[in-house]
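Just so you know, the protein sequences line up as chains A, B, C and D, in that order.
Note that my numbering has the first sequence beginning at 1, numbered continuously upward.
Note that my numbering has the second sequence beginning at 346, numbered continuously upward.
Note that my numbering has the third sequence beginning at 570, numbered continuously upward.
Note that my numbering has the fourth sequence beginning at 1143, numbered continuously upward.
Just so it is clear, CB atoms sit at the ideal spot from N, CA and C, and this is done for glycine as well.
So the structure is just underneath, and the comments pick up after that.
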Amino acid sequence: MPVFAQIQFQLFPERASTTAERVDALFFFLTAVTGVMGLLVTTLIIYFAVKYRRRSEHDRTPRILGSLRLELIWTIGPFIIFLIMFVWGASVYLAIAQTPDDAIEIYVVGKQWMWKVQHLDGQREINELHVPVGRRVKLTLTSEDVIHSFFVPAFRTKIDAVPGRYVQTWFEATKTGRFHLFCAEYCGTYHSGMIGSVHVLEEEEYHAWLDRRAEGSPALEGRKLFLKLQCVSCHTGDAQGRAPSLEGLFGRTVVLQDGRRVTADASYIRRSILRPQADVVAGWQPIMPSYDRLLADEKEGLGQEEAIIRLIAYIRSLDRDQTPVRTEDFPPPEVNPATSDKMTR
Amino acid sequence: MADKSAVLWHHFDDLSHQHEANALGMWAFLATEVLVFGALFTGYAAYRFSYAEAFEEASSRLNVLIAAVNTVVLLTSSLTMALSVWAAQVGRRRMLVWCLLLTALLGTAFLVFKVVEYNEDYREQLVPGLAFDPGKWKDTNPAHVQLFLAFYYIMTGLHAVHLTVGIGIVLFLALMAWRGAYTPAYYAPVEMWGLYWHFVDIVWIFLLPLLYLIGRHELSDLHL
Amino acid sequence: MSTVLEHVPQAVPPPAQPQVHYLNVAFGVRSWLLTTDHKRIALLYLVSVTLMFFIGGAAATLIRLHLMTPNQAPGSGLLTADNYNRMFTMHGLIMIFFFLVPVIPAVLGNFFLPMMIGARDLAFPRLNLLSWYVYVSGAVITFWAMLRGGTDTGWTFYTPFSTKASHSLVVPVLIGLTIAGFSSLFTGLNFVVTVHLMRAPGLTWFRLPLFVWSLYATSVIILLATPVLAMALVLVAVERLWGVGIFDPALGGDPLLFQHLFWFYSHPAVYIMVLPGMGVVSEVITCFARKNIFGYTFVAFASIGIAVLGFLVWAHHMFLAGMSVYASLVFSALSYFVAVPSAIKVFNWTATLYKGSVWLQTPLLFALGFIGLFTIGGMTGLFLAAVGLDVHVHDTYFVVAHFHFIMVGGTVMAYMAGLHYWWPKMSGRMYPEGWGKLAALIVFVGFILTFLPQFVLGYLGMPRRYASYVPEFQVLNVMSSAGASILAVGYVLPLVYLIWSLGYGKKAGPNPWGATGLEWQTPSPPPPENFAVTPVVDRGPYEYASSGEIEVIGGGVPEQAAQAAVQEESHGR
Amino acid sequence: MAERIIPPSTYYRVFAVLIALTFLTVGLSFLPIGVWHTVGGLFIGAVKAVLVALFFMHLIHGSKASWVMIGAGLFWLGILMVLTLTDYLTRHWLLY
Ligand code: HEA
Ligand code: HEA
Ligand code: CUA
Ligand SMILES: [Cu+2]
């Protein structure tokens, strides 16, 4: 038995959004109608094939040319059924295409082969999306290279991310949990690897998640400083930078030029900012200037330590591939993307 | 006189049946040609609506004088082609040969003018990828100007390819006519390829307004 | 209300076995490669498309083998991700452009269209031969490119992936396909002119066999759609080579323009692929039920209706591509319109069986298989055409299952039906009936097992073109792969026994099925000129009934248009 | 051949009209008439095309089948254009 228990087998996808309910209702309707019609046709065929099977070489058959009445029935009948299907399908679609105004807005950028998610308050995620249950979420999508398609089967949500323009869709999750996120438009070698998950959280959990890096949170403010103070001009996320990448630094062991090994904790980072020459990382030039007395901002009423805490919080939150690009290649658009829906000018 | 049995294929009843088939075949082919160019026209239309200003601006920089002269040249070649068909129908062999040669000559003249024009476009920095100066386009988006120019080259280029094929065929017809292959009873190839030639002309008739005339030209642009 | 017609259908007096037929009239490679006989060209095509089918099938085999495991760890699995992508691209391209588009028109159509209308050949025999050479050169170029690495764009060549991102041999493949497009163009041109001008005396439009109607409709689509595909592909090639920006968003272009142009061809092309199959089914059903087709005019005009309406629906492939909402709705509605003529056909075929003398031979088994599987495939098309539902199933295995049901379950089945039906005429030999029935059964079972699970997979959300998938999809994938191996047996079997029958099959008389079509009124295999004397036609195509009585069913007036057509139009073309 | 023969005098007259229309359409492009450049140009182009087809291509005496062919070509071109533009011209339509 354990062997069977291990086999994961499903016949029907989980249903975890309001859209899913509408789409499934339509699906059941279509299945029922086509099921009946299909059965009708196959039954008739089998029945005729058996009842009128050839019994001898010399079977005689009548000359039946057709019947206008029958023809009309089976032209107009299906046509009416088809119209119902169309109207129903269109109404489901309109509900999906009409994006609500009171929704949480999230920006999604497809790129070979990852999904970069950016929340309005600045958090970024890769191949993950955290959303609260029971709230409408509006997605605005674009792509950096080729066409991708954002697909969450459990939500019955899918939309192509087209380079050069924004497209929108929305959903409202009805269940907490973790759901698959797929790229559904073929986009090259690792198209099938461009997958991730959507985490639907309870409202409080979601806020807790948000607070870790949310608006007004130290991490987010730190990110702003990181950009303002131009740290990013040396600490780029990639190997080309003049300084080591800070992604995933927190808590790691760092080897210094003089052979010491230190743990990158808060105080190490603080020292690195205030007196960079004290702990030079092995393999790097000691070019980092000291930021002592440069961090405070009188106008904002921001003290130096406060700033350092924020920077630390930010560095702590910094995951793989999250270093902002110097020019922020895909900032959230200022205008409502819906109105710039026409081809990009 | 051409030997009837030599030009009648075995599966047709008679020459007029065969003639009819050839003409119909050519018409069917022209229907597909309508869609060959139609695909380009559709793409053009989509962008024309989206980027109207850039398209008009770019169009008004093209050389309308050469285009007008070329239109006259091509229409004249259509006239001579029509006359060749008539000459074939009434059996005037010398006129047929001369008209066909004239048609080919006019077609060639068109191509020569076209090359002159491309060359001028090149000097005027109107060739995306080869010679294009975005700085020259102040009021419009140079990217959209490039789109217009891409359509300009692809459409006129495809037209020129068709014309080149046509010239080859017309020359071949002239050779055959000179050898006396065509008679009032059998002139289907002249008629058939005449249709093709006129079609290529019609395409140009539409390219002229779409590419050259959608924006306003100034008389001073003509460099007369 | 009933009318008595003078003629009672009769068995055609079998002409004496001819000394000369199209196969033995000349020998040697030259006599084949330079032939202008439509029958020989049909055989050239037969060999080529069969080869293509098995190459495409080999690619399908690799696809299914690879998908037996989820392959989630990089490097695991039979193929690398890149090779998998190239494999399904090659599979789709070969199966569509080199197999399914030409298969019925260029093989069965080429052979039988002239014979069914009592002509000696197609209108342009040399163009016909040229079409085969063009087809072969297109295939050679495409294969050359595939052997050197192939392309990984999918058969749809979506920009900007195909123009900018793909690092494979896109341009050579595009060239090969464009060339191959000309070959179907030539065939279509030939058919249109032939049907217009080469009909035998007395063969009015409404006496044409339905296979001819469907080929005519197909040819119209080919003529009007193929040029747009050619241009779309040329534009991709131009863009890829010179970066002119027509589809490049960075330069103001719109990737959707390519999709519009591509689907303007490729949706009608699906009807290019299914209409000839429908024609074959009409022939086979009437013959093996020994009945007039029910509602001749409706079936005939349904073909024309599909040809016209089929052009109005292309953007149902683009519902989620960023098209305007308004356009999505328009195209969804139009997609339902085009389903109506298909429904008409299915119902009329079913009604034709009523009170027939149903002879369950291999061709009929395949034809009935066609009706069942086409109905399922078509009805799932209705799911896809509902925009709201397409949001979920677009680009999943639901779509893959939909089109395999129609194209493999439908058209390939119809092709098998036609091949078995006309095999005696083409080869002069009967195929072994028992083996034929077995093959039909195996294909049917294998098919259902292969593609039914894919509907479930699709609704579960497995995207198509996935080299790796999440483990919960594995069971259904294994089922599908198992089915595919059964299917392979079902396809190899006919290859074997049909070849065997060439040498050892029973000799077939001119009309082994007792069919009424003109093609059966001449010896098997037919003489080079098809008919010793040009036949004169004085009746409709399916006068199988043994009594002249017109029986009325359904309680209404008998279908008057058909009746009038049969009786009144007795003048030549 | 049962076909009717169009005499050269007709060709000359049609040719004269074609040339006149060409001058007209090019002349229009120097006037400040805004969108009418496109509309007028296409209209004159259509007239010229019809003249060429009717007389130079003998469509005026052509068989029904050739009318059907060319009609089909144009009709399908219309489908391609109109339905493609239903997308492009409504992209900016908003639902709310
Ligand atoms: C021969 C091939 C063929 C045929 C005939 C069809 C026929 C139809 N197809 Fe299909 N289709 C494809 C081949 C085909 N298709 C392919 C290859 C693709 C994928 C391309 C790609 O992306 O790679 C595709 C994709 C595809 C899509 C896009 C899916 C997506 O990517 O999201 C859609 C959407 O509308 C669609 C719809 C239809 C419809 C409505 C029909 C209709 O014509 C069907 C009409 C038939 C019937 C309806 C059955 C008979 C009717 C009855 C028995 C009547 C009784 C029934 C009732 C009253 C309910 N098809
Ligand atoms: C005419 C069209 C046609 C036909 C007949 C088939 C036939 C088959 N197809 Fe295919 N298919 C397409 C058209 C077709 N397909 C298209 C257009 C696509 C989309 C491509 C794209 O996304 O771009 C597709 C995609 C496609 C996929 C999806 C790939 C993906 O999205 O990742 C799958 C997966 O199962 C599949 C399977 C099959 C199978 C099992 C068959 C079987 O029916 C095949 C049966 C035949 C055989 C099994 C051959 C038997 C012979 C042998 C086994 C001998 C082999 C010889 C040697 C090894 C020397 N096809
Ligand atoms: Cu991204 Cu597929
Ligand atoms: Cu389609």
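8 Å contact criterion, which residue i and residue j should meet: CB distance rounded
i, j, result
"P554/B", "G1187/D", "5 Å"
"H207/A", "C183/A", "Wrong, their Cβ atoms sit about 29 Å apart, outside the cutoff."
"I975/C", "F943/C", "6 Å"
"V1194/D", "I547/B", "5 Å"
"F400/B", "R406/B", "Not really, about 11 Å apart at Cβ, beyond 8 Å."
"S827/C", "V850/C", "Note that residue 827/C is Phe in the sequence shown, not Ser. Actually they do not touch by this definition, with Cβ atoms about 35 Å apart."
"P153/A", "G1030/C", "3 Å"
"H607/C", "P671/C", "Not quite, the Cβ-Cβ distance comes to about 14 Å (not below 8 Å), so this is no contact."
"F657/C", "I632/C", "6 Å"
Local conformation of residue i per DSSP, three classes
i, result
"L574/C", "With a pLDDT of only 37 at L574/C, under the threshold of 50, the placement of this residue in the model should not be trusted; the figure read from the coordinates follows. In this structure, L574/C counts as coil in the three-state DSSP scheme."
"V109/A", "strand"
"A449/B", "helix"
"P683/C", "helix"
"R270/A", "helix"
"W115/A", "strand"
"S1208/D", "helix"
"F657/C", "helix"
"F9/A", "coil"
"L1227/D", "helix"
"Q322/A", "coil"
"W354/B", "coil"
"S67/A", "strand"
"L201/A", "strand"
"D348/B", "Its pLDDT being 45, under 50, D348/B is placed unreliably by the model, and the measurement read from it follows with that caveat. D348/B: coil per DSSP, three-state reduction."
"A476/B", "strand"
"R609/C", "helix"
"D211/A", "helix"
"D279/A", "helix"
For residue i, the first and last residue of its enclosing alpha helix (DSSP H)
i, result
"S996/C", "M982 to S996"
"I854/C", "P824 to A858"
"Q1023/C", "E1002 to L1029"
"I975/C", "Run containing I975/C: none; DSSP gives neither H nor E here."
"V1047/C", "Q1043 to Y1073"
"Q363/B", "L360 to S395"
"G1187/D", "W1178 to L1193"
"R599/C", "V598 to L602"
"F48/A", "T18 to K51"
Start and end residues, beta strand (DSSP E) containing residue i
i, result
"S1151/D", "Note, S1151/D: premise wrong, no beta strand (DSSP E); alpha helix (DSSP H) at P1150 to L1170."
"F151/A", "H148 to V152"
"C183/A", "G177 to C183"
"I159/A", "T157 to A161"
Taking Cβ-Cβ distances below 8 Å as the criterion, which residues of the stretch 481 to 501 of chain B are in contact with chain D? none
In the stretch 457 to 474 of chain B, which residues sit with their C-beta less than 7 Å from some C-beta in chain C, listed in chain order? P473 and G474
Chain A contacts made by the stretch 1030 to 1042 of chain C, where a contact means CB separation under 9 Å: G1030, M1031, P1032, R1033, R1034, Y1035, A1036, S1037, Y1038, V1039, P1040, E1041 and F1042
Residues of the stretch 996 to 1011 of chain C with a CB closer than 8 Å to any CB of chain B: list them in chain order, please. none
Taking 6 Å as the limit, tell me which residues put their C-beta closer than that to any heavy atom of ligand 3, in chain order. G110/A, W113/A, H148/A, C183/A, E185/A, Y186/A, C187/A, H191/A and M194/A
Check distances from the C-beta atoms of the stretch 895 to 923 of chain C to those of chain D and list, in chain order, the residues that come in under 7 Å. Y895, A896 and V899
Please list, in chain order, the residues of the stretch 1144 to 1166 of chain D that have any C-beta partner in chain C closer than 7 Å. none
Under 7 Å, CB to CB, which of the residues in the stretch 881 to 895 of chain C have a partner in chain D? L881, A884, M892, S893, V894 and Y895
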